[in-house]
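**Student:**
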Amino acid sequence: MNLRDLRHVGAGLVKAAGGDIDDAKVKLRHSSIKLTSDTYMVMFQEMDEALAEGVVSVVPRARKAPEAEKIPDDAEPEDAEEEPEEDSEE
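Printed below as a string of C-alpha coordinates:
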(Lines of atoms letter the chains of each structure in order from A and count residues from 1; the text may use other names and numbers.)
(Lines give C-alpha, C1' and ligand atoms only; values in the text may rest on other atoms or scores of the structure.)
Protein backbone atom coordinates (compact mmCIF):
# COMPACT_ATOMS: atom_id res chain seq x y z
CA MET A 1 0.00 0.00 0.00
CA ASN A 2 1.42 3.37 -0.96
CA LEU A 3 0.70 6.96 0.11
CA ARG A 4 -1.77 7.47 -2.74
CA ASP A 5 -3.78 4.44 -1.61
CA LEU A 6 -3.88 5.80 1.94
CA ARG A 7 -5.24 9.11 0.65
CA HIS A 8 -7.99 7.21 -1.21
CA VAL A 9 -8.82 5.39 2.01
CA GLY A 10 -8.93 8.72 3.80
CA ALA A 11 -11.37 10.14 1.23
CA GLY A 12 -13.50 7.02 1.57
CA LEU A 13 -13.57 7.38 5.35
CA VAL A 14 -14.65 11.02 5.04
CA LYS A 15 -17.54 9.93 2.81
CA ALA A 16 -18.44 6.97 5.04
CA ALA A 17 -18.59 9.31 8.03
CA GLY A 18 -21.16 11.46 6.21
CA GLY A 19 -18.84 14.02 4.68
CA ASP A 20 -19.06 15.43 1.20
CA ILE A 21 -16.51 16.28 -1.47
CA ASP A 22 -15.70 19.62 0.20
CA ASP A 23 -14.95 17.87 3.50
CA ALA A 24 -12.59 15.53 1.65
CA LYS A 25 -10.89 18.55 0.04
CA VAL A 26 -10.21 20.06 3.45
CA LYS A 27 -9.00 16.81 5.05
CA LEU A 28 -6.74 15.94 2.11
CA ARG A 29 -5.47 19.55 1.91
CA HIS A 30 -6.18 19.89 -1.79
CA SER A 31 -5.71 23.35 -3.28
CA SER A 32 -9.03 23.28 -5.15
CA ILE A 33 -12.34 21.47 -5.12
CA LYS A 34 -11.76 20.63 -8.79
CA LEU A 35 -8.73 18.49 -7.92
CA THR A 36 -10.73 16.61 -5.26
CA SER A 37 -13.73 16.25 -7.52
CA ASP A 38 -11.68 15.00 -10.48
CA THR A 39 -9.93 12.47 -8.26
CA TYR A 40 -12.72 11.18 -6.00
CA MET A 41 -16.11 12.00 -7.55
CA VAL A 42 -16.53 8.56 -9.11
CA MET A 43 -15.77 6.89 -5.78
CA PHE A 44 -18.26 9.16 -3.97
CA GLN A 45 -20.96 8.43 -6.57
CA GLU A 46 -20.38 4.68 -6.29
CA MET A 47 -20.68 4.89 -2.50
CA ASP A 48 -23.93 6.87 -2.84
CA GLU A 49 -25.33 4.25 -5.25
CA ALA A 50 -24.34 1.41 -2.92
CA LEU A 51 -26.02 3.21 -0.03
CA ALA A 52 -29.21 3.75 -2.05
CA GLU A 53 -29.30 0.09 -3.09
CA GLY A 54 -28.83 -0.95 0.54
CA VAL A 55 -31.75 1.23 1.62
CA VAL A 56 -33.99 -0.18 -1.11
CA SER A 57 -33.18 -3.74 -0.04
CA VAL A 58 -34.23 -2.99 3.55
CA VAL A 59 -37.46 -1.09 2.88
CA PRO A 60 -40.37 -3.51 2.45
CA ARG A 61 -42.44 -3.16 -0.68
CA ALA A 62 -46.21 -2.86 -0.59
CA ARG A 63 -47.89 -6.06 -1.58
CA LYS A 64 -50.84 -6.14 -3.90
CA ALA A 65 -53.91 -7.97 -2.63
CA PRO A 66 -55.01 -10.93 -4.73
CA GLU A 67 -58.00 -10.23 -6.96
CA ALA A 68 -60.37 -12.25 -4.73
CA GLU A 69 -59.54 -10.12 -1.70
CA LYS A 70 -59.91 -6.73 -3.35
CA ILE A 71 -62.82 -4.66 -2.12
CA PRO A 72 -64.59 -2.50 -4.69
CA ASP A 73 -64.42 1.24 -4.04
CA ASP A 74 -68.21 1.57 -3.85
CA ALA A 75 -68.73 -1.34 -1.44
CA GLU A 76 -70.01 -0.63 2.04
CA PRO A 77 -67.97 -1.85 4.99
CA GLU A 78 -69.14 -5.16 6.43
CA ASP A 79 -69.55 -3.80 9.94
CA ALA A 80 -71.71 -0.86 8.87
CA GLU A 81 -75.02 -0.81 10.67
CA GLU A 82 -78.04 -1.05 8.47
CA GLU A 83 -80.53 1.75 8.79
CA PRO A 84 -83.89 0.56 10.09
CA GLU A 85 -86.62 0.62 7.51
CA GLU A 86 -89.29 3.18 8.14
CA ASP A 87 -92.83 1.91 8.23
CA SER A 88 -94.91 3.80 5.79
CA GLU A 89 -98.37 4.65 7.00
CA GLU A 90 -100.85 4.55 4.19
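First residue of the sequence shown: 340, per the numbering used here; consecutive thereafter.
For every residue, glycine included, the Cβ atom is placed at its ideal position computed from N, Cα and C.
In terms of residue numbering, what span does the alpha helix (DSSP H) encompassing Val353 cover?
**Tutor:** In the sequence shown, counting from the first residue as 1, residue 353 sits at position 14. Residues 342-355.
**Student:** Looking at the unbroken alpha helix (DSSP H) that takes in Ala401, where does it start and where does it end?
**Tutor:** The residue you call residue 401 lines up with position 62 of the sequence shown. Unbroken run through Ala401: none, as it is neither H nor E.
**Student:** My assumption, with CB atoms under 8 Å, is that Met380 sits in contact with Lys354. Please give the rounded CB distance.
**Tutor:** On the sequence shown, residue 380 is found 41 positions in, with the first residue counted as 1. On the sequence shown, residue 354 is found 15 positions in, with the first residue counted as 1. Going by Cβ atoms, the distance from Met380 to Lys354 rounds to 11 Å, so no, they are not a contact pair.
**Student:** Near Leu390, what residues of its chain come up, given a Cβ to Cβ distance below 6 Å and the 5 sequence neighbours on each side ignored?
**Tutor:** Position 51 of the sequence shown, counting from 1, holds the residue named residue 390. Counting only Cβ-Cβ distances below 6 Å, and skipping sequence neighbours, we find nothing.
**Student:** Tell me which same chain residues have a C-beta within less than 8 Å of the C-beta of Ile372, skipping the five on either side of it?
**Tutor:** Here residue 372 corresponds to residue number 33 of the sequence shown, with the count starting at 1. Hits under 8 Å: Ile360, Asp361, Lys364.
**Student:** Classify Gly393 as helix, strand or coil using the three-state DSSP reduction.
**Tutor:** The residue you call residue 393 lines up with position 54 of the sequence shown. Three-state result, Gly393: helix.
**Student:** How long is the line joining the alpha carbons of Gln384 and Thr378, rounded to whole angstroms?
**Tutor:** Counted from its first residue, the sequence shown places residue 384 at position 45. Counted from its first residue, the sequence shown places residue 378 at position 39. C-alpha separation (whole angstroms): 12 Å.
**Student:** Using the C-alpha atoms, what's the distance from Ser376 back to Val395?
**Tutor:** For the purposes of this step, residue 395 is taken as residue 56 along the sequence shown, with counting starting at 1. For the purposes of this step, residue 376 is taken as residue 37 along the sequence shown, with counting starting at 1. So the alpha carbons of these two residues sit roughly 27 Å apart.
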